[in-house]
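To start, the structure itself, in structure tokens.
2 protein chains.
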Amino acid sequence: MNIKELQYFQRLFQENSFTKTANFFHVSQPTITAAVQRLEKELDAQLVIRDQSHKDLIFTDSGKQFEKHVEQILQEIETAKLEITAIKKEKVRLGLPPIIGGYYFPTLSSQLVSQDLLSQLDTHEDGSKLLLNKLITGHLDIALLGSVQPIENDQLSGHMLSRKKFKIIVSRNHPLAQKKAVAFKDLQREPFIQLNERFIHSIAFEQLSRQNRIKPEIIYRTNDIQVIKGMVANNIGISFLTEMAILPQDPVAALELSDVVQPEFMIQLVYRSNHVLTAVQQKIVNLMTQYAF
Amino acid sequence: MNIKELQYFQRLFQENSFTKTANFFHVSQPTITAAVQRLEKELDAQLVIRDQSHKDLIFTDSGKQFEKHVEQILQEIETAKLEITAIKKEKVRLGLPPIIGGYYFPTLSSQLVSQDLLSQLDTHEDGSKLLLNKLITGHLDIALLGSVQPIENDQLSGHMLSRKKFKIIVSRNHPLAQKKAVAFKDLQREPFIQLNERFIHSIAFEQLSRQNRIKPEIIYRTNDIQVIKGMVANNIGISFLTEMAILPQDPVAALELSDVVQPEFMIQLVYRSNHVLTAVQQKIVNLMTQYAF
DNA sequence: GCGTAGTCATAAATTTTATTAATATGAGAT
DNA sequence: ATCTCATATTAATAAAATTTATGACTACGC
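So the protein lines, in turn, are chains S and D. Counting in the UniProt record's numbering, the first sequence tops out at residue 293, every number present. Counting in the UniProt record's numbering, the second sequence tops out at residue 293, every number present.
Here it is, written out as structure tokens:
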């Protein structure tokens with residue numbers, strides 16, 4: 001069994017035609033016939049039913065099942081190649097969602113510089129979902145991910161770096177600005193300016209709404225935190241942000257949530273569980289777990 | 001790239017010797033050398049550092065990383081072959097833990113017989129952990145699993161078939177035998193006879209103990225439910241069992257737990273998410289989800 | 001119905017790839 | 001220095017994949 005045969009088979013499954021598959025790979029049609037026959041012989045099972053009144057190829061149960069495995073195998077090879085390319089370049093591909101890239105990661109970077117590690121990093125900003133996908137497919141070595149729950153995935157290993165609270169920000173002129181804390185259910189009538197759905201803030205907000213059985217109105221959504229802070233400062237509405245993203249110099253007041261049960265913003269360092277950390281990667285992981293805050 | 005090369009490489013990784021690897025596969029030593037060189041060429045990366053004062057082979061970072069992928073790939077092929085063998089035999093390999101095999105499954109079997117499906121089943125009794133492993137490695141097609149939490153695994157798909165309560169059984173002479181329900185925390189001083197650690201009962205028991213901050217004494221553990229019922233009937237202690245395993249004719253009294261939050265015994269039908277259900281398997285899945293109770 | 005086009009299988013020839021036997025190289029041990 | 005052990009190299013050979021040419025079958029248009 002060789003990889004080329006598997007590629008032929010996969011393509012045959014997609015194309016449903018020996019001839020088209022052969023053209024795709026710029027080989028002759030009997031090449032495909034022979035490759036599939038070899039697979040059938042090795043697996044001792046018929047994979048495709050040819051002819052069958054000649055309209056269409058039909059894949060047997062074995063063939064359908066085998067194709068799933070082939071997909072996995074080819075994916076695994078793809079991942080391997082990507083990882084090896086990255087190792088050769090001696091670059092560590094680190095994924096970051098924008099909030100972590102903007103607020104958490106900079107605090108780590110002086111440490112990274114002092115150990116001369118920052119220059120080896122190739123950072124990729126993206127949404128959490130896409131980052132997870134890139135990790136699994138070998139497009140990233142490590143990612144810092146924000147989430148509301150610890151990441152549970154058999155294919156991934158994670159270290160919890162930090163747990164941050166979510167806070168409410170209001171204009172300094174807002175009646176709530178004098179308070180230190182507020183219960184989420186008391187925000188029922190407040191107009192919210194929110195980060196959009198790609199941020200886990202919306203999951204945490206959803207969770208708080210559900211458990212308090214209220215549905216505060218969201219009057220505006222954006223993916224730009226500066227815009228949110230500006231609108232809140234001008235008292236157009238209030239917002240819900242992880243404390244990490246709220247800086248002392250921001251022209252807004254931040255209140256804690258007094259809810260006993262409340263979601264947390266978790267920052268985790270994640271990599272494929274069968275990823276082998278290189279020496280540099282290990283240094284980065286050590287530094288991050290050590291200097292986590 | 002072909003599978004044989006990957007096998008050679010994997011073995012080389014384990015043996016740390018070209019010569020031994022060659023002997024293992026009954027091929028000449030240059031065969032291994034050439035195969036590894038082909039891999040290195042295709043991946044455009046050095047995988048092994050040879051010689052190096054001749055003591056030992058050293059695998060590069062790329063080599064170590066690649067080996068992990070090779071393991072996955074060979075595992076996937078193994079799984080594929082096992083699945084295809086099962087498809088050819090037209091047998092559906094169903095895994096069951098003993099409790100489900102003894103108490104839940106029999107209630108389904110008349111349905112299975114009426115659709116002439118029972119004869120196509122190959123049932124395998126085993127512990128839940130092992131069953132999961134067998135599913136993933138392709139040794140089983142479908143499993144009925146008992147658990148305290150819904151199974152969350154990217155590689156598996158599941159259908160919830162049934163949720164059962166856990167109950168307390170006591171001797172008919174026991175003071176509690178007159179009651180209908182009891183709070184777990186009131187069982188602090190009772191001696192328990194328990195199923196052993198391989199059963200999820202121990203997880204549920206642990207959970208109840210933790211949330212009630214008590215630690216009832218377990219005076220005996222066994223994996224035989226009949227033994228437990230016998231000992232309870234003779235008032236040697238009380239026990240904690242899923243209601244599913246308690247039959248009307250059992251010479252014991254069963255009490256509900258009055259705890260508001262309490263674990264449930266969940267029965268789920270599980271299969272690999274990239275498993276292709278054959279027509280027969282689909283019938284079985286339909287029947288089970290339909291006649292679940 | 002008959003010819004034509006499209007699809008896949010088969011067979012023999014050819015090319016490519018994997019394996020072997022023989023030998024070289026290099027390092028540590030004696 | 002020479003022997004031993006482990007891997008690399010080379011040329012010859014065996015094995016496997018691919019191609020070209022062709023055949024068998026079917027669907028479709030006329």
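Backbone N, C-alpha and C fix where the C-beta goes; we use that ideal spot for every residue, glycine too.
What are the boundary residues of the alpha helix (DSSP H) that residue i is part of?
i	result
Phe24/D	Phe18 to Phe24
Glu78/D	Asp61 to Lys89
Ile3/D	Ile3 to Glu15
Leu247/S	Note, Leu247/S: premise wrong, no alpha helix (DSSP H); not H, not E.
Leu108/D	Phe105 to Ser114
So for residue i, helix, strand or coil by DSSP?
i	result
His275/S	coil
Ser202/S	helix
Gly237/D	coil
Glu152/S	coil
Ala253/D	strand
Gly138/S	coil
His291/S	Reading off the sequence shown, one finds Tyr at residue 291/S, where the question assumed His. Here Tyr291/S sits in coil by DSSP.
Ile219/D	strand
Leu132/S	helix
Leu47/S	coil
Gln268/D	strand
Leu145/D	strand
Ser162/S	strand
Ile99/S	helix
Ile228/D	helix
Ser157/D	strand
Lys180/S	coil
Ile169/D	strand
Ile58/D	strand
Under DSSP, the beta strand (DSSP E) around residue i begins and ends at which residues?
i	result
Gln194/S	Phe192 to Leu195
Glu42/S	First-last for Glu42/S: Gln29 to Leu43, but that is the alpha helix (DSSP H), not the beta strand (DSSP E).
Leu187/S	Where Leu187/S is concerned, there is no enclosing beta strand (DSSP E), given that its DSSP letter is neither H nor E.
Asp122/D	Leu121 to Glu125
Arg93/S	Val92 to Leu96
Are the Cβ atoms of residue i and residue j separated by less than 8 Å?
i	j	result
Thr137/D	Thr79/D	yes
Gly146/S	Ile218/S	no
Ile191/S	Gly237/S	Per the sequence shown, residue 191/S should be read as Pro rather than Ile. Closer than 8 Å, so yes.
Leu257/S	Val182/S	yes
Leu161/D	Thr289/D	yes
Val280/S	Gln120/S	yes
Ala143/S	Leu94/S	yes
Leu131/D	Pro97/D	yes
Met231/S	Ile200/S	no
Pro263/D	Ala204/D	yes
Ile84/S	Ala45/D	yes
Leu39/D	Phe9/D	yes
Gln115/S	Lys283/S	yes
Asn223/S	Arg189/S	no
Tyr103/S	Ala245/S	yes
Leu208/S	Asp259/S	yes
Asn212/S	Phe184/S	yes
Phe59/S	Phe105/S	no
Leu117/D	Leu287/D	yes
Gly127/D	Gln268/D	no
Assuming residue i contacts residue j under a Cβ cut-off of 8 Å, what Cβ separation, rounded to an integer in Å, is found between them?
i	j	result
Leu74/S	Leu6/S	6 Å
Lys91/S	Asp122/S	5 Å
Phe25/S	Glu15/S	Rounded, the Cβ-Cβ distance is 11 Å, inconsistent with contact.
Ile3/D	Met1/S	5 Å
Gln155/S	Glu76/D	The Cβ separation is near 13 Å, so there is no contact.
Ser109/D	Lys88/S	Their Cβ separation, rounded to whole angstroms, is 58 Å, which puts Ser109/D and Lys88/S out of contact at 8 Å.
Phe18/S	Leu47/S	At roughly 13 Å, the Cβ-Cβ gap does not stay under 8 Å, so Phe18/S and Leu47/S are not in contact.
Asn173/D	Asn133/D	Not a contact, Cβ separation roughly 43 Å.
Closer than 7 Å to a non-hydrogen atom of the ligand MG - does that hold for the CB of residue i?
i	result
Asp122/S	You won't find the ligand MG in this model; it holds no ligand whatsoever.
Q. Are three or more beta carbon pairs between the region 164-177 of chain D and the region 237-244 of chain D nearer than 8 Å?
A. yes
Q.
Would you call the region 217-235 of chain S in contact with the region 149-159 of chain S, where contact means no fewer than 3 C-beta pairs closer than 8 Å?
A. no
Q) Is the number of C-beta pairs between the region 271-279 of chain S and the region 248-256 of chain S that are closer than 8 Å three or more? A) no
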